[in-house]
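Input: a single structure, listed below in structure tokens.
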Amino acid sequence: EKDKRPIANAGADVVTRAGEEVTLNGIESWDDRNITKYEWTLLSGNNSVVIKNTQFLDQRLLSNLYPGVYRFQLRVTDSAGQSDNASVTILVLTQEQSE
Numbered sequence: 007e008k009d010k011r012p013i014a015n016a017g018a019d020v021v022t023r024a025g026e027e028v029t030l031n032g033i034e035s036w037d038d039r040n041i042t043k044y045e046w047t048l049l050s051g052n053n054s055v056v057i058k059n060t061q062f063l064d065q066r067l068l069s070n071l072y073p074g075v076y077r078f079q080l081r082v083t084d085s086a087g088q089s090d091n092a093s094v095t096i097l098v099l100t101q102e103q104s105e
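When the letters of the sequence shown are read in order and numbered with our numbering, they come out as residues 7 to 105.
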């Protein structure tokens, strides 16, 4: 039986306020065997964002988010070395925009 490539799922787009924390997760990514690596990369947006690991391999906690649009890519790799990418957009509103 042929090993299938993983399918990355970076979750739904997020709208939040400046000063809030956001959790990225790739929990809905899929593979017929085992996903061994989850890599999150900031593609666009203010690079002062702080990205921290959590106790879960697929998650990252984002803080220090300024108003604007951020785009992150998730790359998942399976035990056979096959990979797939997905992306998610985070819209950070100013306090005025969110009222």
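Glycine is no exception: its CB is placed at the ideal position from the N, C-alpha and C atoms. Computed from a prediction, not measured in an experiment: that's the story for all the values here.
- Across the structure, residue 70 and residue 104 are spaced so that their CA atoms are roughly 17 angstroms apart.
- Take residue 12, set aside five residues on each side of it, and the residues of its chain with a beta-carbon closer than 8 angstroms to its own are 35, 36, 37, 41, 82, 83, 84, 88, 89 and 90, in chain order.
- Residues of the same chain with a CB within less than 8 angstroms of the CB of residue 52, apart from the 5 flanking positions on each side, are 71, 72, 74 and 76 in chain order.
- Secondary structure of residue 35 (DSSP, three-state): coil.
- Excluding its 5 nearest sequence neighbours in each direction, residue 56 has C-beta neighbours in its own chain below 8 angstroms: 68, 69 and 70, listed in chain order.
- By the 16-neighbour rule on beta-carbons within 10 angstroms, residue 66 is buried.
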